[in-house]
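Participant:
There are 2 protein chains.
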Amino acid sequence: MPLKKTSAQEITLSVIKTACSNCNLQELCLPYGLNETEMSKLDELVSTRRKIKRGDHLYRAGEGFESIYAIRAGFFKTDVLLEDGRDQVTGFQMAGELLGLDGISTEHHSCNAVALEDSEVCIIPFPRLEGLSREIVALQHHFHKVMSREIVRDHGVMMLLGTMRAEERLAAFLLNLSQRFTARGYSHAEFYLRMTREEIGSYLGLKLETVSRAFSRFQEEGFIAVQQKHIRILDIPGLKKLMTHQSA
Amino acid sequence: MPLKKTSAQEITLSVIKTACSNCNLQELCLPYGLNETEMSKLDELVSTRRKIKRGDHLYRAGEGFESIYAIRAGFFKTDVLLEDGRDQVTGFQMAGELLGLDGISTEHHSCNAVALEDSEVCIIPFPRLEGLSREIVALQHHFHKVMSREIVRDHGVMMLLGTMRAEERLAAFLLNLSQRFTARGYSHAEFYLRMTREEIGSYLGLKLETVSRAFSRFQEEGFIAVQQKHIRILDIPGLKKLMTHQSA
DNA sequence: GGGGCACGTTGACCTGGATCAAAGGCTTCC
DNA sequence: GGAAGCCTTTGATCCAGGTCAACGTGCCCC
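Chains as they are written, first to last, in the working numbering: chain A, 7 to 254; chain R, 7 to 254.
#1: CB R148 (chain A) to CB I110 (chain R), shorter than 7 Å?
#2: Counting along the chain, where does the alpha helix (DSSP H) carrying A189 (chain A) start and finish?
#3: Around the Cβ of Y198 (chain R), are there at least 16 other Cβ atoms within 10 angstroms (buried) or fewer (exposed)?
#4: Nearest CA to the CA of L180 (chain R): which residue from R:G168, R:E89, R:M201, R:Q146?
#5: Which residue wins for smallest C-alpha separation from L88 (chain R), given the options A:L36, A:A178, A:D62?
#6: Got a sec, what are the start and stop residues for the beta strand (DSSP E) Y38 (chain A) sits in?
#7: List, in order along the chain, the chain R residues whose C-beta lies closer than 8 Å to that of D108 (chain A)?
#8: Which of helix, strand or coil does DSSP assign to K11 (chain A)?
#9: Going by beta-carbon coordinates alone, are A144 (chain R) and G39 (chain R) separated by less than 7 Å?
#10: Rounded to a whole number of angstroms, what is the C-alpha to C-alpha distance between R155 (chain A) and S154 (chain R)?
#11: Going along the chain, which residues of its own chain have a beta-carbon closer than 8 Å to the beta-carbon of I157 (chain R), five neighbours each way excluded?
#12: Does any residue of chain A bring its CB to less than 7 Å from the CB of T96 (chain R)?
#13: Once DSSP output is grouped into helix, strand and coil, what is the label at R60 (chain A)?
#14: Using the beta-carbon count (16 or more within 10 Å), is T43 (chain A) buried or exposed?
#15: Which residues does DSSP list as the beta-bridge partners of R55 (chain A)?
#16: Helix or strand or just coil, what does DSSP make of Y192 (chain R)?
#17: Is there at least one Cβ from chain A nearer than 7 Å to R134 (chain R)'s Cβ?
#18: Closest to A184 (chain R) by C-alpha separation, out of R:G191, R:A195, R:V217, R:E113, would be which residue?
#19: So which residues on chain R does C117 (chain A) lean against when the C-beta distance must stay under 8 Å?
#20: Are there 16 or more other CB atoms within 10 angstroms of the CB of Q234 (chain A), so buried, or fewer, so exposed?
#21: List, in chain order, every chain R residue whose beta-carbon is nearer than 7 Å to that of V86 (chain A).
#22: Starting from F71 (chain A), follow its DSSP beta bridges and name the residues at the other end.
#23: What span of residues does the beta strand (DSSP E) with L87 (chain R) cover, start to end?
#24: Look up M201 (chain A) in the DSSP assignment and give the residues it is bridged to.
#25: Taking 7 Å as the threshold (beta carbon to beta carbon), is H194 (chain A) in contact with chain R?
#26: Kindly say whether K151 (chain R), judged by its beta-carbon, lies nearer than 7 Å to any beta-carbon of chain A.
#27: Under the rule that 16 or more other beta-carbon atoms within 10 Å means buried, what is S208 (chain R), buried or exposed?
#28: List the DSSP bridge partners of A76 (chain A).
Written as structure tokens, this is what we have:
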């Protein structure tokens, strides 16, 4: 909308919108499965948002843990640092996904969360979430499912890192992104990568040159069209076959 | 004890012992942090045990999920299967650790759990656990911590698979086992591996020959003494240095 | 609007770990 | 208690992906 923005207007808009009950990410996010009464209780809890500029940290490894975050808009990566300076991207997160679950175990965050584009998160104070999930069975159960899903996802990544060759890894990565964009109502075949080749490589356990070469190879083979961060997927079955067919 | 076992005796013994409140794994397991009243409520819930023979499955990928399991005694591995037949060990679990958390998300198990020695687990019906953790704050919170810890552990494995070289991986693996045996009151320096070289390799993203060679190399260097599955760790600092020092 | 710089591509070469192969040593199960 | 087969070790060779290097490209900020 072409309204001239004043800070008063921004505040108003933000207050109006900060409610799970009229958020279009409900189905992907924490409120999944709640009825109206329950939803309005959740609204009270999730009342604050925070904007994160591209490149800024939402939290850093070692910081005290107080809240988990639901991504309202934008795109994040999480990474872990080893003492000797090596690091690895452990995941890329998009709208509707939760950040910060790693912090529950020690009450300190165990990884960094960095915005890869200007983003906004809903702040969910964890003790209050635990309180509410003692009242609302559906919320409790869904939260457990979300944590469990994260464990299953991690097993998938371990599988990828442990058994797949470079091109299989990249194919799996692209198919996964495609599927997640689809779930959010975006094109499954065309998207912008928010991360660099190096970040993709770090996530996939490959060097950036290898990622770049694999992209080129996929383009030659007609599986995708790449131009920098702009990706068009041309042959999903082809990518899938590539993933399962190779090696023993 | 040299008692002649009759099935009546076995049942009695089993009934007596099946209670968190007098289990010596309390501190490592689900009951951590509960007071006496709470513990006795948990006792009601965790009333059944199950013995699993070496090589048998506790559950299989695809099976319906109903319960999580606390390992009372023994040693397990979990593994994931890809459509094309490749598989990977996603973890090794020992006494006091929980199995089955992966099943919550889809209500079906997503991996196989196999006993690596004759083992015994306590069956924890999940809906009842959710019920009880709505009543007992400490149980709820601890359960969340356990799930979160699993996520953090998985990130560590991703790190290992994504950034470490073969010998670093094996060093990390041995140090991790040592530390977990210590926590259970066993020697930190001497233990039997319950898994084969192939299973270690699968977990670490290496081939069995590479694992074997790395063991031999560690022995030559004086870090450990290996004889088949019997390991003595001779130089913990040496192994630690090996893990962090190498490469960039 | 232009200059600088981070990001991306491609080539040449190298190496760590995979693969293939063969020979013991343990365990287990009749 | 002995045989069969699994597990482990070790050697020789190979290759996928890492490393090093140089050059393009487009984005962003002044």
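The C-beta atom is built at its ideal place from N, Cα and C for all residues, glycine as well. All of these numbers come straight from a predicted model, not from anything done at the bench.
Facilitator: On the basis of the data shown:
#1: As a working mapping, residue 148 (chain A) is identified with position 142 in the first sequence. As a working mapping, residue 110 (chain R) is identified with position 104 in the second sequence. Arg is not the amino acid found at residue 148 (chain A); the sequence shown has His there. Not a contact, by the Cβ cut-off of 7 Å.
#2: One-based indexing of the first sequence puts residue 189 (chain A) at position 183. It spans 172–189 - the alpha helix (DSSP H) in which A189 (chain A) sits, taken as one unbroken run.
#3: What you label residue 198 (chain R) is simply residue 192 of the second sequence in a count that begins at 1. Burial call: exposed.
#4: In the second sequence, counting from the first residue as 1, residue 180 (chain R) sits at position 174. Relative to L180 (chain R), the option among R:G168, R:E89, R:M201, R:Q146 whose CA is nearest is R:M201.
#5: Indexing the second sequence from 1 puts residue 88 (chain R) at position 82. Minimum Cα distance to L88 (chain R) is reached at A:A178.
#6: To locate residue 38 (chain A), count along the first sequence from 1; it is residue 32. Counting along the chain, Y38 (chain A) sits inside no beta strand (DSSP E), nor does DSSP assign it H or E at all.
#7: Here residue 108 (chain A) corresponds to residue number 102 of the first sequence, with the count starting at 1. What D108 (chain A) touches in chain R: S154, I157, V158, H161.
#8: Within the first sequence, residue 11 (chain A) is the residue found at index 5, counting from 1. With a pLDDT of only 41 at K11 (chain A), under the threshold of 50, the placement of this residue in the model should not be trusted; the figure read from the coordinates follows. The DSSP-derived three-state label of K11 (chain A) is coil.
#9: Sequence index remark: in the second sequence, residue 144 (chain R) carries index 138 (1-based). Sequence index remark: in the second sequence, residue 39 (chain R) carries index 33 (1-based). In this structure, A144 (chain R) places its C-beta atom within 7 Å of the C-beta atom of G39 (chain R).
#10: Position 149 of the first sequence, counted from the start, is the residue given in the question as residue 155 (chain A). Position 148 of the second sequence, counted from the start, is the residue given in the question as residue 154 (chain R). Per the coordinates, the alpha-carbon of R155 (chain A) lies some 12 Å from the alpha-carbon of S154 (chain R).
#11: Working through the second sequence from its first residue, we reach residue 157 (chain R) at position 151. Cβ contact annotation for I157 (chain R) (same chain, cutoff 8 Å, sequence separation greater than five): none.
#12: For this step, residue 96 (chain R) is matched to residue 90 along the second sequence. Interface residue, yes.
#13: Taking the first sequence and counting its residues from 1, the one referred to as residue 60 (chain A) is at position 54. Residue state for R60 (chain A) is assigned as coil, using DSSP reduced to three classes.
#14: To locate residue 43 (chain A), count along the first sequence from 1; it is residue 37. Note on T43 (chain A): under 16 other CB atoms within 10 angstroms of its CB, so exposed under the neighbour-count rule.
#15: Within the first sequence, numbered from 1, the residue matching residue 55 (chain A) stands at position 49. In the DSSP assignment, the residues bridged to R55 (chain A) are A:C128.
#16: As a first step, residue 192 (chain R) must be located in the second sequence, where it is residue number 186. Note: Y192 (chain R) maps to coil in three-state DSSP.
#17: Walking along the second sequence from the start, residue 134 (chain R) turns up at place 128. At a cut-off of 7 Å between beta-carbon atoms, R134 (chain R) makes no contact with chain A.
#18: Along the second sequence, read from residue 1 onward, the residue named residue 184 (chain R) stands at position 178. Per the sequence shown, the amino acid found at residue 184 (chain R) is Ser instead of Ala. Ranking the options by Cα distance to S184 (chain R), first place goes to R:A195.
#19: Here residue 117 (chain A) refers to the residue found at position 111 of the first sequence. Correct list: H161.
#20: Residue 234 (chain A) sits at position 228 when you count from the first residue of the first sequence. Exposed.
#21: Walking along the first sequence from the start, residue 86 (chain A) turns up at place 80. Those are H161, M165, listed as they occur along chain R.
#22: Numbered from 1 along the first sequence, position 65 holds the residue referred to as residue 71 (chain A). According to DSSP, F71 (chain A) bridges with nothing at all.
#23: Within the second sequence, residue 87 (chain R) is the residue found at index 81, counting from 1. Here the beta strand (DSSP E) through L87 (chain R) covers 81–87.
#24: As a position in the first sequence, residue 201 (chain A) is number 195, starting the count at 1. Looking at the DSSP assignment, M201 (chain A) forms no beta bridge with any residue, so it has no partner.
#25: The count along the first sequence starts at 1 and reaches residue 194 (chain A) at position 188. No, H194 (chain A) lies away from the interface with chain R (no Cβ there is under 7 Å from its Cβ).
#26: What you label residue 151 (chain R) is simply residue 145 of the second sequence in a count that begins at 1. It does; some Cβ of chain A falls within 7 Å.
#27: One-based indexing of the second sequence puts residue 208 (chain R) at position 202. Its Cβ being crowded by 16 or more others within 10 Å, S208 (chain R) is buried.
#28: Position 70 of the first sequence, counted from the start, is the residue given in the question as residue 76 (chain A). Its beta-bridge partners are A:L104, A:C128.
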